[in-house]
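If you read the sequences in order, they're chains P and R.
One point on numbering: in the working numbering, the residue at position 227 of the first sequence is 253, and numbering is uninterrupted.
One point on numbering: in the working numbering, the residue at position 101 of the second sequence is 127, and numbering is uninterrupted.
Cβ coordinates follow ideal geometry from the N, Cα and C atoms, glycine included.
Following: one structure in structure tokens, then a few remarks.
Protein chains: 2
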Amino acid sequence: MEQRTYHQYCATARTLDVVGERWTLLLVRELLTGPKRFGDLQRNLRGLGTGLLAARLKHLEQQGIVRKTVLPPPARTAAYVLTAAGDELVPVVLSLAQWGMRWAMADPRDDETFEPGWAVLGLKARFDRGAATGIQAVCEFRIGDEVFHARIHDCTIETNYGPAQQPDFVLTTDYRTFRDIAASRTTLTQAVATQQAAIEGDGTLLRQLSSLFPPVEPQPRLPRLPR
Amino acid sequence: MEQRTYHQYCATARTLDVVGERWTLLLVRELLTGPKRFGDLQRNLRGLGTGLLAARLKHLEQQGIVRKTVLPPPARTAAYVLTAAGDELVPVVLSLAQWGMRWAMADPRDDETFEPGWAVLGLKARFDRGAATGIQAVCEFRIGDEVFHARIHDCTIETNYGPAQQPDFVLTTDYRTFRDIAASRTTLTQAVATQQAAIEGDGTLLRQLSSLFPPVEPQPRLPRLPR
DNA sequence: CGGCATCCATTTTGATACTG
DNA sequence: CAGTATCAAAATGGATGCCG
Numbered sequence: 027m028e029q030r031t032y033h034q035y036c037a038t039a040r041t042l043d044v045v046g047e048r049w050t051l052l053l054v055r056e057l058l059t060g061p062k063r064f065g066d067l068q069r070n071l072r073g074l075g076t077g078l079l080a081a082r083l084k085h086l087e088q089q090g091i092v093r094k095t096v097l098p099p100p101a102r103t104a105a106y107v108l109t110a111a112g113d114e115l116v117p118v119v120l121s122l123a124q125w126g127m128r129w130a131m132a133d134p135r136d137d138e139t140f141e142p143g144w145a146v147l148g149l150k151a152r153f154d155r156g157a158a159t160g161i162q163a164v165c166e167f168r169i170g171d172e173v174f175h176a177r178i179h180d181c182t183i184e185t186n187y188g189p190a191q192q193p194d195f196v197l198t199t200d201y202r203t204f205r206d207i208a209a210s211r212t213t214l215t216q217a218v219a220t221q222q223a224a225i226e227g228d229g230t231l232l233r234q235l236s237s238l239f240p241p242v243e244p245q246p247r248l249p250r251l252p253r
Numbered sequence: 027m028e029q030r031t032y033h034q035y036c037a038t039a040r041t042l043d044v045v046g047e048r049w050t051l052l053l054v055r056e057l058l059t060g061p062k063r064f065g066d067l068q069r070n071l072r073g074l075g076t077g078l079l080a081a082r083l084k085h086l087e088q089q090g091i092v093r094k095t096v097l098p099p100p101a102r103t104a105a106y107v108l109t110a111a112g113d114e115l116v117p118v119v120l121s122l123a124q125w126g127m128r129w130a131m132a133d134p135r136d137d138e139t140f141e142p143g144w145a146v147l148g149l150k151a152r153f154d155r156g157a158a159t160g161i162q163a164v165c166e167f168r169i170g171d172e173v174f175h176a177r178i179h180d181c182t183i184e185t186n187y188g189p190a191q192q193p194d195f196v197l198t199t200d201y202r203t204f205r206d207i208a209a210s211r212t213t214l215t216q217a218v219a220t221q222q223a224a225i226e227g228d229g230t231l232l233r234q235l236s237s238l239f240p241p242v243e244p245q246p247r248l249p250r251l252p253r
């Protein structure tokens, strides 16, 4: 069962040989926010069958991008984590997200699923390093029944699943509002004004956040409709 | 013929819906160095048949990423170019190349093809913005019978197919040597010393170039061989 | 040559049933 | 819940032929 490759001595092609197959980069995306169990992965990836998921995980393990571990107590179940090589795929996923934010996030469709973690990644893709010099903040996002946090430290941002220890800022909102904020379909300020979102903590940070995550101007990519 | 999508309202997934199919990002890679004709594309993409190539090009055209044009005289033949939306895929291709440089460029295999344009892209992926502040230079690369040039302007680099107007620096070498330089398997200095490469022009630039394109330390990704 | 349709063998995938 | 086994549908690759 020879694995299919492009047979090119090219860094781009070699990378695609490893992570270019269908679902693979989305699996990496899921693992960016921390360890996940088999079932968690499948739940967030509608259409990916158990067989293919198992095959992909095995492949990523063999390729040194994912490692299978046992979650710490009290969970104690098996889970998958990114290795160092996997972590370095962050720029790949973020650059895909950046392009998508600009060119492909026209209105959500009814047949599409949505997970708040994806929107957190979207925020991360919007993060403006330049505007963040000297700023230090820990934000917690409570979205429906899911919680994420972001740690802004000088010019970097780090996002993870779960609550923060000592958040400077807490945003509480619902799936739909957070989705729209992340996609620049509305602004945080606007959502707070209309009481679709609530914030606690450092009020001055609210203004700063708008500049740290500048809204993306979506561009029309298809001048004429395909007939 | 329903187009297959992930059905996720996620910037990463939406982008992969557009450019995630097999061959698609490699087609974009080919077009990054300028307009290409149907045959040129196929020549550089062994294994991609004419039918699939035509289908991919049509898809990219419909998606507003590629535009079909007529080359200026004297060529006058049809060719494909990236649109603005296509140009903005540069970070995607470069991030893939960056990861590959670090984790996947172990020695070339006999069954792999190689094109100097890919190595130029590799150099671009190695380019260190930080080290380039204030530097301005035009370099021409003559690799076998192909010519490329790079325009370094403050903190940016731009690479294109074809000769430069007034190069500050010209590197002449063969496919294999250029491949090895780009992949950090040797250095430009070393190649010049052993006469595998020749340089003309500003000699001080040679030293600077080494810092503009810091060698990538390839990391072993697979601790143990798959049994 | 550029571009595309057509036929066919092989892979990949999606979806579901099934097992520990 | 984690994963295997199975099978039908779709995508791919390779060859060929056609037409301007």
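Test: residue i CB closer than 8 Å to a CB of chain R
{"i": "V68(P)", "result": "The sequence shown places Gln at residue 68(P), rather than the Val named in the question. Not one chain R Cβ lies under 8 Å of Q68(P)."}
{"i": "S22(P)", "result": "Past the edges of chain P, shown from 27 to 253, lies residue 22(P), and the structure says nothing about it."}
{"i": "A85(P)", "result": "Reading the sequence as shown, one finds His at residue 85(P) and not Ala. Not closer than 8 Å to any Cβ of chain R, the Cβ of H85(P) fails to qualify, so no."}
{"i": "Q245(P)", "result": "yes"}
{"i": "P193(P)", "result": "no"}
{"i": "Q124(P)", "result": "yes"}
{"i": "S237(P)", "result": "no"}
{"i": "V44(P)", "result": "yes"}
{"i": "G75(P)", "result": "no"}
{"i": "A81(P)", "result": "no"}
{"i": "G170(P)", "result": "no"}
{"i": "A130(P)", "result": "yes"}
{"i": "Q89(P)", "result": "yes"}
{"i": "L231(P)", "result": "no"}
{"i": "R72(P)", "result": "yes"}
{"i": "P241(P)", "result": "no"}
{"i": "L52(P)", "result": "yes"}
{"i": "P134(P)", "result": "yes"}
{"i": "R205(P)", "result": "yes"}
Beta-carbon proximity check, residue i vs residue j, cutoff 8 Å
{"i": "L214(P)", "j": "L238(P)", "result": "no"}
{"i": "W129(R)", "j": "A111(P)", "result": "yes"}
{"i": "F140(R)", "j": "C165(R)", "result": "no"}
{"i": "L51(R)", "j": "V118(R)", "result": "yes"}
{"i": "A223(P)", "j": "T198(P)", "result": "yes"}
{"i": "W49(R)", "j": "L86(R)", "result": "no"}
{"i": "D206(R)", "j": "G170(R)", "result": "no"}
{"i": "F167(R)", "j": "H175(R)", "result": "yes"}
{"i": "M127(R)", "j": "V45(R)", "result": "no"}
{"i": "Y187(P)", "j": "G65(P)", "result": "no"}
{"i": "P240(P)", "j": "M131(P)", "result": "no"}
{"i": "R15(R)", "j": "H33(P)", "result": "An answer regarding residue 15(R) cannot be provided, because it is not within the stretch 27 to 253 covered by chain R."}
Outcome for residue i when other beta-carbon atoms lying within 10 angstroms are tallied against a minimum of 16
{"i": "R135(P)", "result": "exposed"}
{"i": "A15(R)", "result": "Here chain R has residues from 27 to 253 only, and residue 15(R) is not among them."}
{"i": "L248(R)", "result": "exposed"}
{"i": "Q162(R)", "result": "exposed"}
{"i": "V96(P)", "result": "exposed"}
{"i": "T203(R)", "result": "buried"}
{"i": "E184(P)", "result": "exposed"}
{"i": "G229(P)", "result": "exposed"}
{"i": "R55(R)", "result": "buried"}
{"i": "R4(R)", "result": "Because chain R in this structure spans residues 27 to 253, residue 4(R) falls outside the shown range and cannot be described."}
{"i": "Q191(P)", "result": "exposed"}
Closer than 8 Å to chain P by CB, residue i
{"i": "C165(R)", "result": "no"}
{"i": "E184(R)", "result": "no"}
{"i": "T139(R)", "result": "yes"}
{"i": "L214(R)", "result": "no"}
{"i": "Y61(R)", "result": "Contrary to the premise, residue 61(R) reads as Pro rather than Tyr in this sequence. Taking Cβ atoms only, chain P never reaches closer than 8 Å to P61(R), which makes this a no."}
{"i": "M27(R)", "result": "At M27(R), the pLDDT of 48 sits below 50, so the modelled position is not reliable; the number obtained from the coordinates is stated separately. Not closer than 8 Å to any Cβ of chain P, the Cβ of M27(R) fails to qualify, so no."}
{"i": "P142(R)", "result": "no"}
{"i": "A176(R)", "result": "no"}
{"i": "P252(R)", "result": "Residue placement at P252(R) is poorly supported in this model, since its pLDDT is 43, which falls under 50; the coordinates still yield a value, given next. Judged by the 8 Å Cβ criterion, P252(R) is in contact with chain P."}
{"i": "D57(R)", "result": "The question names Asp, but residue 57(R) is Leu in the sequence shown. For L57(R), the answer is no, since every Cβ of chain P falls outside 8 Å of its Cβ."}
{"i": "L78(R)", "result": "no"}
{"i": "L248(R)", "result": "yes"}
Integer Cβ distance of residue i from residue j, believed to fall under 8 Å
{"i": "A26(P)", "j": "K62(P)", "result": "Chain P is shown from 27 up to 253; residue 26(P) falls before or after that span and cannot be answered."}
{"i": "L122(P)", "j": "T41(R)", "result": "4 Å"}
{"i": "C181(P)", "j": "A151(P)", "result": "Incorrect: roughly 15 Å between the Cβ atoms, too far for contact."}
{"i": "V107(R)", "j": "R93(R)", "result": "5 Å"}
{"i": "G148(R)", "j": "A80(P)", "result": "With 8 Å as the limit, G148(R) and A80(P) do not qualify as a contact, their Cβ atoms being about 34 Å apart."}
{"i": "E47(P)", "j": "Y35(R)", "result": "That pair is no contact at about 22 Å."}
{"i": "V173(R)", "j": "P189(R)", "result": "5 Å"}
Self-check item: Contact set between the stretch 148 to 162 of chain P and chain R, restricted to residues whose Cβ is under 9 Å from the partner
Solution: Cβ contacts with chain R come from G148 and A151.
Self-check item: Residues of the stretch 29 to 42 of chain R with Cβ closer than 9 Å to any Cβ of chain P, in chain order
Solution: Along the stretch 29 to 42 of chain R, the positions whose C-beta sits under 9 Å from a C-beta of chain P are R30, T31, Y32, H33, Q34, Y35, C36, A37, T38, A39, R40, T41 and L42, read in chain order.
Quiz prompt | Against chain P: residues of the stretch 92 to 123 of chain R by CB proximity under 7 Å | solution = Listed in sequence order: A111, E114, L115, P117, V118, V119, S121, L122 and A123.
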